[in-house]
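Engineer: Residue numbers (the numbering used here): 49 to 272. For every residue, glycine included, the Cβ atom is placed at its ideal position computed from N, Cα and C. Structure below; questions to follow.
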Amino acid sequence: MSIRDWPVQERPREKLLAHGAATLSDAELLAIFLRTGVAGRSAVDLARHLLAAFGGLRQLLEADLHGFSAHLGLGPAKYAQLQAVLEMGRRHLAARIQRDSALESPQAVRDYLKARLRHEPHEVFACLFLDTRHRVLAFEVLFHGSIDGASVYPRQVVKRALAHNAAAVILTHNHPSGVAEPSQADRQLTQKLKEALALVEVRVLDHFVVGDGEPVSLAEYGWI
Numbered sequence: 049m050s051i052r053d054w055p056v057q058e059r060p061r062e063k064l065l066a067h068g069a070a071t072l073s074d075a076e077l078l079a080i081f082l083r084t085g086v087a088g089r090s091a092v093d094l095a096r097h098l099l100a101a102f103g104g105l106r107q108l109l110e111a112d113l114h115g116f117s118a119h120l121g122l123g124p125a126k127y128a129q130l131q132a133v134l135e136m137g138r139r140h141l142a143a144r145i146q147r148d149s150a151l152e153s154p155q156a157v158r159d160y161l162k163a164r165l166r167h168e169p170h171e172v173f174a175c176l177f178l179d180t181r182h183r184v185l186a187f188e189v190l191f192h193g194s195i196d197g198a199s200v201y202p203r204q205v206v207k208r209a210l211a212h213n214a215a216a217v218i219l220t221h222n223h224p225s226g227v228a229e230p231s232q233a234d235r236q237l238t239q240k241l242k243e244a245l246a247l248v249e250v251r252v253l254d255h256f257v258v259g260d261g262e263p264v265s266l267a268e269y270g271w272i
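Set out below in structure tokens:
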């Protein structure tokens, strides 16, 4: 049965307009993006099939072009559209944290860092550089590592902080395993960077570890 034959209140697009996007399931949201199904399958049926094939929405969103295009109903055009949607989401989150003080919008910072780092297949280390009012000057990925860890050099972090004339930084890195529990090595690295940046009067406000759930704050553990 085509979606056009469904009761109006059950159609994904009409549900979104009436009740908001948050009320839709992953399959319904994906169906709106797909717009049409294929022979014998509505857009929602196709969306459910794709979510099952990829193992979930996150895996579908993080697929490369080859993996994405290997499935019925998907191709380079849809892949380009999806990447554009994802980048718009990242830029929207970036605009939110650039508009306000990072300390006044802690959830916006968490959302942005997760959007930027969760999809990385290997560990990366990055910094949010902040001005004296704790507004974001720049976000930079500084080091790429193996699946087990990244080699982080304090000299380079200090150099980039000075280049941005930053007054403070928020450190962040991801755990590709999805488990965001800070390790002893994470705590030691934080202390080393805090001491190095203090020499040039740059404060470390926090260090977030990004995994599958909410990014974990070392400051909230009392480790900053």
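(1) Starting from Asp254 and walking both ways along the beta strand (DSSP E), at which residues does that stretch end?
(2) Thinking just about the alpha-carbon of each residue, which of Gly121, Ala211, Leu237 and His67 is nearest to the one in Val248?
(3) Quick check: what's the CA-CA separation for Ser13 versus Gly259?
(4) In whole angstroms, what is the alpha-carbon distance linking His67 and Arg251?
(5) Quick one: is Ser265 buried, meaning 16 or more other Cβ sit within 10 Å of its Cβ, or exposed?
(6) Does the segment 191 to 210 come close enough to the segment 131 to 147 to have 3 or more Cβ pairs within less than 8 Å?
(7) Could you tell me which uninterrupted alpha helix (DSSP H) segments, each at least 4 residues in length, are contained entirely in the segment 145 to 227, listed from first to last along the chain?
(8) Using 8 Å as the Cβ pair cut-off and three pairs as the minimum, do the segment 230 to 238 and the segment 81 to 88 touch?
(9) From this set, His182, His119, Leu109 and Leu134, which residue's C-alpha is nearest Val157's C-alpha?
(10) Which value, in whole angstroms, describes the spacing of the CA atoms of Pro124 and Leu99?
(11) Suppose contacts are defined by Cβ-Cβ distances below 8 Å. Is Ala228 in contact with Gly261 by that definition?
(12) Skipping 5 residues on each side, what residues in its chain have a beta carbon closer than 7 Å to that of Leu72?
(13) Would you mind sorting His255 into buried or exposed? The rule is 16 or more other CB atoms within 10 Å of its CB.
(14) Return the bridge partner residues of Arg89 from the DSSP annotation.
(15) Please name the residue in Ser153, Leu185 and Asp74 whose C-alpha comes closest to that of Leu94.
(16) Looking at the secondary structure, which residues open and close the alpha helix (DSSP H) in which Asp112 lies?
(17) I need the DSSP call for Val248, collapsed to helix, strand or coil.
(18) From Gln57 to Gln129, what does the alpha carbon distance come to, in whole angstroms?
(19) Evaluate Thr220 with the Cβ neighbour count: other Cβ atoms within 10 Å of its Cβ, from every protein chain shown; 16 or more gives buried, anything less gives exposed.
(20) Could you check how far apart the C-beta atoms of Leu109 and Leu134 are, in whole angstroms? I think they sit under 8 Å.
Structural biologist: Here's the rundown:
(1) Looking up residue 254 in the sequence shown gives position 206. Counting along the chain, Asp254 sits inside the beta strand (DSSP E) bounded by residues Arg251 to Val258.
(2) Position 200 of the sequence shown, counted from the first residue, corresponds to residue 248. When each option's Cα is compared against that of Val248, the closest is Ala211.
(3) Given that the chain is displayed from residue 49 to residue 272, the structure contains no residue 13 and the question cannot be resolved.
(4) Locating residue 67 in the sequence shown gives position 19, counting from the first residue. Locating residue 251 in the sequence shown gives position 203, counting from the first residue. Distance from the CA atom of His67 to the CA atom of Arg251, rounded to whole angstroms, is 44 Å.
(5) For this step, residue 265 is matched to residue 217 along the sequence shown. Buried.
(6) Touching, no.
(7) 154 to 165 and 202 to 211
(8) no
(9) The residue labelled residue 157 in the question sits at position 109 within the sequence shown. The candidate whose alpha carbon is nearest that of Val157 is His182.
(10) To locate residue 124, count along the sequence shown from 1; it is residue 76. To locate residue 99, count along the sequence shown from 1; it is residue 51. Spanning the two alpha carbons is a distance of roughly 18 Å.
(11) As a position in the sequence shown, residue 228 is number 180, starting the count at 1. As a position in the sequence shown, residue 261 is number 213, starting the count at 1. A contact, by the Cβ cut-off of 8 Å.
(12) Taking the sequence shown and counting its residues from 1, the one referred to as residue 72 is at position 24. Only Pro60, Lys63 and Leu64 meet the Cβ criterion.
(13) Residue mapping note: residue 255 aligns to position 207 of the sequence shown, counting from 1. Result: buried.
(14) Here the question's residue 89 lines up with position 41 in the sequence shown. Answer is Val86.
(15) Residue numbering aside, residue 94 sits at position 46 when the sequence shown is read from its first letter. Ranked by Cα distance from Leu94, the options Ser153, Leu185 and Asp74 are led by Asp74.
(16) Locating residue 112 in the sequence shown gives position 64, where the first residue counts as 1. Asp112 -> no alpha helix (DSSP H), and no H or E assigned at all.
(17) The residue given as residue 248 occupies position 200 in the sequence shown. Coil, per DSSP.
(18) Taking the sequence shown and counting its residues from 1, the one referred to as residue 57 is at position 9. Taking the sequence shown and counting its residues from 1, the one referred to as residue 129 is at position 81. Just so you know, the alpha carbons of Gln57 and Gln129 end up roughly 27 Å apart.
(19) The residue labelled residue 220 in the question sits at position 172 within the sequence shown. Result: buried.
(20) What you label residue 109 is simply residue 61 of the sequence shown in a count that begins at 1. What you label residue 134 is simply residue 86 of the sequence shown in a count that begins at 1. Between Leu134 and Leu109 the Cβ distance is about 6 Å, and since that is below 8 Å, they are a contact.
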